[in-house]
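Please read the structure below before turning to the comments.
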Amino acid sequence: MGLRDIVLIYILSRKLFLFVKTFKTFIIKTMKKEAQKSIDKTKKRIAKELKSKKLISLDNYVIEKIKSSVVNLIKNDIVLTLPPPHISADMSFSVFEAAKASGANPKELSAKIAETINNSKNEFIERAEIAGPYVNLFLNKNKIYSLVLSQAIKFKEKYGQNGANANKTALIDYSGPNIAKPIGVGHLRSTIIGQALANIYEATGYSVIKDNDLGDWGTQFGKLVYAYQQWGDKKKIAKNPIKELNALYIRFHEEAENNPEIEDQAREIFKKMEEGDKKLINLWSKLKKASIAEFKKTYERLGIKFDTYLGESYFAGESAGLIKESLEKKAASIDRETGAIAVENLEGLPSFLLQKQDGSTLYITRDLAALKFRMETFEPDDILYVVGDEQSLHFKQLFALARALGYINGAKVKHIGFGLVLSGGEKMSTRQGTLIELEELIKQSVEKSKEILRQKNKELKEKEIEEISEIVGLGAVIYNDLRQSRQKNISFDWKRMLDFEGGSAVYLQYTAARVNSILKKLGEGEAEAKISKPVFEKESEFALAGKIMFFPMVILEAQKHNSPHLIAVYLEELAQLFNHFYNEVSIIGTEDAKLRLSRIALIKSMATVIKNGLSLLNIKTAEKI
């Protein structure tokens with residue numbers, strides 16, 4: 040580093056110091072006091088959970104017992120799966136990976152493994168057969184059936200949960216709407232996927248920090264403040280803050296088309312905000328508080344509660360120190376002509392700015408500050424950013440710079456991307472005011488649910504319809520997002536979203552409600568009667584129990600791959616097996632007392648898994664539909 044560079048850094052440091060001092064005086068000092076309460080509360084909760092939470096060991100589940108019994112015999116890890124319908128075996132596993140690692144012929148290895156299993160005395164497996172590079176397992180069905188139902192009934196709402204990731208902490212950044220704007224369906228995807236992942240991570244033993252990183256800082260707020268000062272109506276804004284503020288933002292862009300000079304005026308306003316203009320900061324603070332209050336109403340309706348709402352502004356005052364550090368560690372450099380500060384040639388990624396030539400900060404600078412803060416404050420094992428795929432490059436650059444500066448310290452930092460929300464095949468616009476609002480979407484879904492419920496169930500009272508339609512309507516919106524891989528684009532097809540025949544939340548909700556209906560028709564005390572060793576008669580009964588057995592592993596796979604849709608796929612397959620079983624046997628008409636009680640235990644176990652699975656997706660069930 041030459042003398043000129045040292046001088047430039049010194050000058051910059053002095054400017055940045057003065058900026059930080061001013062900024063902290065008017066923003067951080069007042070803002071951090073309130074935020075610190077939520078931070079301290081979250082840290083205290085996490086510390087308590089890590090010390091005292093009680094989790095079901097994965098080893099307790101039948102599926103894991105079967106797996107362990109095989110692994111201990113063959114000394115290789117395996118992944119158990121359900122074979123295709125045309126295969127008569129109960130489960131199978133591939134030997135490809137083991138063969139590749141040992142250099143063995145897959146067919147020869149599968150034959151050797153099958154022989155080893157058959158020569159052992161395994162309490163869960165009757166025999167093994169080879170199918171090319173696969174080993175098919177035929178289980179001790181009576182034992183497995185009894186154990187699975189016993190566990191499902193014993194663990195109830197905790198069935199499927201496990202301690203595979205005990206003593207770990209994950210911080211999940213999701214939702215992140217912009218203040219002064221309604222929550223649109225774009226942020227809906229982040230909200231729905233993020234909450235599902237939070238639930239799934241908790242179900243596998245993680246302690247989870249749920250952070251809503253609000254978009255509350257940047258040039259757009261200079262635009263909003265300008266619009267507020269020019270055209271704002273205080274009475275209208277007080278009555279409906281989000282709607283009116285969003286209208287002002289839209290009007291700004293309309294006016295700017297004919298009068299582009301106001302863009303410069305807006306940038307000057309934001310520059311003053313960054314410099315700590317007290318009047319502007321106070322106005323901005325009021326807009327932020329009004330926005331959060333409105334957001335919380337929507338989140339409460341969705342059953343979502345965040346630990347922190349720090350937002351970009353919380354870290355704006357930290358940007359200066361990070362920029363200085365990036366320069367000193369040669370992760371960034373100063374453009375000698377413009378004075379802008381950029382990161383170049385980092386891990387083969389395109390260059391990007393940390394600071395503009397006018398001295399204003401950028402989104403990535405504040406994100407870097409947030410990442411550093413999260414690592415230092417919460418020390419998470421994993422940090423997940425649930426943000427659309429269009430931000431993929433941004434996160435690659437962010438993580439690369441964080442690694443260069445030594446901020447990550449071994450934590451697994453991941454961008455959990457997702458596809459677009461489409462309307463008529465096109466990405467939805469925001470600036471032109473064509474954004475579909477989340478509240479409006481929910482309202483439509485609930486109203487359509489009411490119409491369908493009135494047609495489907497004439498016995499429902501209007502009060503019941505109101506309550507159930509809220510559950511069904513919200514479930515339809517959430518499940519529409521989670522039923523397929525998050526990387527895919529989504530659109531809204533009400534007919535499919537509210538289809539009782541399959542591919543929808545209401546299909547699953549109705550399946551659980553059908554079980555409740557059956558249980559109500561049983562004799563007094565029969566629904567709650569216990570059976571020590573359940574028995575079965577039909578293959579459809581064991582097939583249903585076998586599917587229930589896999590539930591803990593499905594949750595674990597969903598967590599490992601950050602893929603909530605795996606749970607949705609599983610639940611639909613489970614419901615289909617139940618419907619096959621239900622069409623084949625009569626539970627109420629079963630005369631044999633032991634078989635009757637066994638079938639009651641089976642449907643109760645199935646309903647438990649449906650409810651637990653939907654709960655992981657943040658979807659409720661109703662007693663009747």
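Numbering (the working numbering), first residue to last: 40 to 664.
Quick reminder that beta carbons are idealized off the backbone N, C-alpha and C, glycines included.
Predicted, not measured: the structure shown is a model, and the values here were computed from it.
Cα-Cα separation, residue i to residue j
{"i": "E136", "j": "P122", "result": "18 Å"}
{"i": "K93", "j": "L634", "result": "34 Å"}
{"i": "S468", "j": "K327", "result": "Because S468 carries a pLDDT of 49, less than 50, the predicted location of this residue cannot be relied on, and the following value inherits that uncertainty. Cα-Cα distance, rounded: 23 Å."}
{"i": "P124", "j": "A219", "result": "53 Å"}
{"i": "A441", "j": "K534", "result": "46 Å"}
{"i": "F417", "j": "E168", "result": "50 Å"}
{"i": "A370", "j": "G223", "result": "36 Å"}
{"i": "Q200", "j": "N657", "result": "15 Å"}
{"i": "G398", "j": "M536", "result": "49 Å"}
{"i": "A153", "j": "V174", "result": "6 Å"}
{"i": "G254", "j": "L401", "result": "12 Å"}
{"i": "F617", "j": "Y245", "result": "31 Å"}
{"i": "Q75", "j": "G378", "result": "35 Å"}
{"i": "L97", "j": "N448", "result": "29 Å"}
{"i": "N601", "j": "G456", "result": "10 Å"}
{"i": "M130", "j": "E506", "result": "41 Å"}
{"i": "G472", "j": "W256", "result": "At G472 the pLDDT is 46, less than 50, meaning the model places this residue with poor confidence and gives no usable figure here."}
{"i": "D631", "j": "V608", "result": "34 Å"}
{"i": "P299", "j": "E293", "result": "10 Å"}
{"i": "Q436", "j": "T347", "result": "25 Å"}
{"i": "K497", "j": "K489", "result": "12 Å"}
{"i": "S330", "j": "T660", "result": "30 Å"}
{"i": "E73", "j": "A551", "result": "43 Å"}
{"i": "K114", "j": "K151", "result": "12 Å"}
{"i": "L319", "j": "A646", "result": "55 Å"}
DSSP-derived helix/strand/coil call for residue i
{"i": "E580", "result": "helix"}
{"i": "L461", "result": "strand"}
{"i": "Y518", "result": "helix"}
{"i": "V110", "result": "helix"}
{"i": "S127", "result": "coil"}
{"i": "Q598", "result": "helix"}
{"i": "I422", "result": "strand"}
{"i": "K369", "result": "coil"}
{"i": "Y100", "result": "coil"}
{"i": "L176", "result": "strand"}
{"i": "L119", "result": "coil"}
{"i": "E31", "result": "The shown model of the chain, from 40 to 664, leaves out residue 31, and the question about it has no answer."}
{"i": "V624", "result": "coil"}
{"i": "V134", "result": "coil"}
{"i": "A286", "result": "helix"}
{"i": "I570", "result": "coil"}
Reference residue i; option with closest CA among the options
{"i": "Y353", "options": "G514, D406 and G564", "result": "D406"}
{"i": "G233", "options": "T81, G142, V593 and A597", "result": "A597"}
{"i": "N238", "options": "S399, E367 and K344", "result": "K344"}
{"i": "G17", "options": "K335, A153 and Q526", "result": "There is simply no residue 17 to check, as the chain begins at 40 and stops at 664 in what is shown."}
{"i": "K572", "options": "K82, S185 and I95", "result": "S185"}
{"i": "L284", "options": "E296, P603 and K262", "result": "K262"}
{"i": "G458", "options": "K82, R228 and T155", "result": "R228"}
{"i": "I639", "options": "A355, S189, T243 and S77", "result": "S189"}
{"i": "K82", "options": "S488, E415, N157 and K336", "result": "E415"}
{"i": "L341", "options": "L385, P145, I231 and L613", "result": "I231"}
{"i": "A242", "options": "G202, K274, D252 and K249", "result": "G202"}
{"i": "G562", "options": "E611, E294, D520 and L636", "result": "L636"}
{"i": "I373", "options": "L388, V516, Q396 and L385", "result": "Q396"}
{"i": "I475", "options": "T647, S324 and S530", "result": "S530"}
{"i": "L492", "options": "S96, F539, G271 and K273", "result": "F539"}
{"i": "Y198", "options": "I102, A359 and E630", "result": "I102"}
{"i": "S625", "options": "A661, M592, K577 and L653", "result": "K577"}
{"i": "S524", "options": "D116, Q259, H604 and A329", "result": "H604"}
{"i": "E611", "options": "K114, E314, Y549 and K559", "result": "Y549"}
{"i": "E88", "options": "I156, N204, Y424 and D252", "result": "N204"}
{"i": "V545", "options": "N519, I557 and S556", "result": "N519"}
Closer than 7 Å: residue i CB and nearest the ligand NAD heavy atom
{"i": "R166", "result": "Inclusion of the ligand NAD in the displayed structure is not the case, the ligand content being empty and no account of it being possible."}
*Contained alpha helix (DSSP H) runs [length at least 4] in the region 202–265, N- to C-terminal order*: Fully enclosed alpha helix (DSSP H) runs of 4 or longer: 224–242.
*Looking at C-beta atoms only, is the number of pairs between the region 578–593 and the region 175–185 that lie closer than 8 Å three or more?*
yes
*asked:* Counting beta carbon pairs with one atom in the region 105–113 and one in the region 160–177, are three or more of them shorter than 8 Å?
replied: Output reads yes: the region 105–113 touches the region 160–177.
*Inspect the CB distances between the region 257–268 and the region 288–297 and report whether three or more fall short of 8 Å.*
yes
*asked:* Three Cβ pairs or more, each shorter than 8 Å: is that satisfied between the region 190–210 and the region 418–438?
replied: yes
*Report yes or no: do three or more beta-carbon pairs, one from the region 510–518 and one from the region 480–497, lie closer than 8 Å?*
yes
_Pairs of beta-carbons, one from the region 395–413 and one from the region 432–452, closer than 8 Å: are there three or more?_
yes
_Ranges of the alpha helix (DSSP H) found wholly within the region 385–423, counting only runs of at least 4_ = 402–417
*In the region 478–529, which residue ranges form an unbroken alpha helix (DSSP H) of at least 4 residues, counting only runs that do not cross its ends?*
501–521
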